[in-house]
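Peer 1: Below are the structure tokens for one structure; questions will follow.
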Amino acid sequence: MFRYDEQNSKNPTGKDHATKKNPILVPDIEIEAFKAMLTFAYMKRFNGLNANNWLDVLMAADKYNISGLVKKCADFPIEKLPNIFIAFEKAQLLNMEDFSLRCLHYIDQNISALIKSKAFLQIDQDLLCEILERDQLRISEIEIWNAVIRWSDEQCRQKGIECSAENRGKMLGPALFNIRFPLIPKEDFTKSVVPTDVLTTKEVISVYQHYSHQNLSDVPGLFPLKFPTHQRYKYEYTIEMEIEKVSEFALEEKYSRRRSSDAVDIWGFSCAIEAEIRTKDESNEKCLGFYLFYVGPKEENLSFQSSAALRIVSQKNGTEDLIGRRSNDIFNKEWSSHGNWSRKCSATLRIVSKKSDVEDFKREFDRTYIFNNNSNNWGFVNFISFAELMDPSKGFYNEDEDKITLAIDFTCN
């Protein structure tokens with residue numbers, strides 16, 4: 001509370017007012033925030049905003065309609081705020097749309113750490129629902145489940161009621177149906193979710209049915225699934241590999257040598273480019289084999305889903321894509337991973353242009369492909385002949401550099 005009296009009535013220059021004023025109570029603003037607001041309003045300068053007074057200054061600036069100070073608060077670094085959830089709620093209350101979006105983006109990116117904080121346990125059910133509805137959260141569903149159980153137990157304690165399955169369910173309310181239980185690995189669902197008895201028997205059965213009959217939701221006798229099944233976010237990556245001395249590489253014998261890029265780690269998986277010499281059986285013409293190689297987890301059994309498509313990128317407008325056959329038998333066995341896993345992935349295979357004024361030539365390969373522990377590569381056996389690849393008029397190869405750049409852009413959940 002700020003008490004406006006003789007002691008605090010000095011103007012910003014430090015001089016007393018000519019007449020004495022009766023005290024005026026401002027009960028909803030702290031002294032530090034009020035003084036900071038006055039400094040900004042009368043002297044047009046402000047350098048006292050910090051993580052501790054940010055909220056008080058914002059509320060004071062909004063109450064007295066000092067838009068410039070509100071903007072100063074909106075520009076404050078979100079990562080320095082002590083409670084991102086309160087900041088987000090206040091931003092929504094004050095219609096600070098851009099700041100609210102920044103808060104949500106920060107929550108999306110840092111949710112794994114935020115849900116372990118004391119601040120998370122204090123949010124209300126409405127905000128919990130809003131967060132769990134988001135597709136952009138970078139977190140696994142089992143982490144979400146463990147967090148909401150802690151949250152529901154804290155709500156029960158605050159209300160002085162038992163942390164029973166029934167009360168947990170009441171605390172969660174509609175937020176329970178924003179948890180994507182079908183995306184939790186079956187073993188984790190069995191060990192961590194089922195024993196809590198928060199889900200009804202029919203809800204548990206519906207999840208198990210989804211594990212084994214994902215495409216049979218309309219079959220009579222099956223329990224309807226009430227929980228979302230789509231992934232929360234997607235990873236987008238680009239892998240590049242430069243092949244030097246292409247003229248020598250083109251002369252190597254079939255299968256004699258492969259070129260591989262450095263692997264990119266994606267949530268416990270690794271992806272890489274692999275290229276090799278291939279020979280067309282009918283013509284004995286040497287071609288470049290070009291593949292996306294997907295390595296699964298080393299020690300865990302995981303399951304993922306998304307969508308897939310591949311395409312080649314040319315370097316000349318009006319030039320056709322060069323699409324070959326799938327290949328499933330050309331990779332080193334030592335690259336294979338352990339465990340049962342699967343993931344769908346969308347990808348674009350391309351040869352990078354050597355000319356800045358030439359756009360990539362693109363074509364979608366409209367089909368779905370699932371990488372798994374038995375089939376972990378996809379690409380083109382005869383991606384392009386070396387004769388065409390090394391033709392300077394195509395824009396793929398520069399004879400002076402004697403190198404090409406291969407790239408794969410891919411998205412996976």
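The sequence shown maps to residues 1 to 413 in full-length UniProt numbering. Every residue gets a Cβ at the ideal spot worked out from N, C-alpha and C, and that includes glycine. Given the structure is predicted, the values throughout are model-derived calculations rather than measurements.
Counting Cβ pairs, one atom from each stretch, are 3 or more of them under 8 Å apart for the region 278 to 285 and the region 232 to 249?
Peer 2: no
Peer 1: Three Cβ pairs or more, each shorter than 8 Å: is that satisfied between the region 144 to 160 and the region 112 to 127?
Peer 2: yes
Peer 1: Would you mind stating whether residue 205 and residue 145 have Cβ atoms separated by less than 8 Å?
Peer 2: no
Peer 1: With a Cβ-Cβ cutoff of 8 Å, do residue 175 and residue 148 count as a contact?
Peer 2: In this structure, residue 148 lies closer than 8 Å to residue 175 by Cβ.
Peer 1: Quick one: Cα of residue 347 to Cα of residue 273, how far?
Peer 2: 12 Å
Peer 1: Going by CA-CA distance only, name the one from 97, 387 and 231 that's closest to residue 138.
Peer 2: 231
Peer 1: Buried or exposed, going by whether 16 or more other CB atoms sit within 10 Å of the CB of residue 247?
Peer 2: exposed
Peer 1: Of the choices 249, 407, 396 and 382, whose alpha-carbon is the least far from that of residue 278?
Peer 2: 382
Peer 1: Determine the direct distance from the alpha carbon of residue 264 to that of residue 271, and round the result to whole angstroms.
Peer 2: 5 Å
Peer 1: Can you name, in chain order, every residue of its own chain whose Cβ lies under 6 Å from the Cβ of residue 128, other than the five neighbours on each side?
Peer 2: 175
Peer 1: Check residue 400 in the structure and name its three-state DSSP category.
Peer 2: coil
Peer 1: With the cut-off set at 8 Å, would you say residue 396 and residue 389 are in Cβ contact?
Peer 2: By the CB criterion at 8 Å, residue 396 and residue 389 fall inside the cutoff.
Peer 1: Residues in its own chain within less than 7 Å of residue 165 by CB, not counting five upstream and five downstream?
Peer 2: 196, 197 and 198
Peer 1: Name the DSSP bridge partner or partners of residue 346?
Peer 2: Note: residue 346 sits in a beta bridge opposite 411.
Peer 1: Using a Cβ-Cβ cutoff of less than 7 Å, which residues in the same chain neighbour residue 161 once the five nearest sequence positions on both sides are dropped?
Peer 2: 167
Peer 1: Exposed or buried, what is residue 69 when buried is set at 16 or more other beta-carbons lying within 10 Å of its beta-carbon?
Peer 2: buried
Peer 1: Where does the unbroken beta strand (DSSP E) through residue 259 begin, and where does it stop?
Peer 2: 258 to 260 is the extent of the beta strand (DSSP E) around residue 259.
Peer 1: What residues match up with residue 232 in a beta bridge as DSSP calls it?
Peer 2: None, per the DSSP bridge assignment.
Peer 1: Using C-beta distances below 8 Å, list every residue in its chain close to residue 222, excluding the 5 sequence neighbours before and after it, in chain order.
Peer 2: 206, 209, 213 and 216
Peer 1: Do residue 142 and residue 188 have their CB atoms nearer than 8 Å?
Peer 2: Contact: yes.
Peer 1: Shortest alpha-carbon distance to residue 77 belongs to which of 54, 186 and 159?
Peer 2: 54
Peer 1: Determine whether the beta carbon atoms of residue 410 and residue 251 lie at a separation below 8 Å.
Peer 2: In this structure, residue 251 does not lie closer than 8 Å to residue 410 by Cβ.
Peer 1: Quick check on the DSSP output: the alpha helix (DSSP H) that includes residue 157 runs from which residue to which?
Peer 2: 141 to 159 is the extent of the alpha helix (DSSP H) around residue 157.
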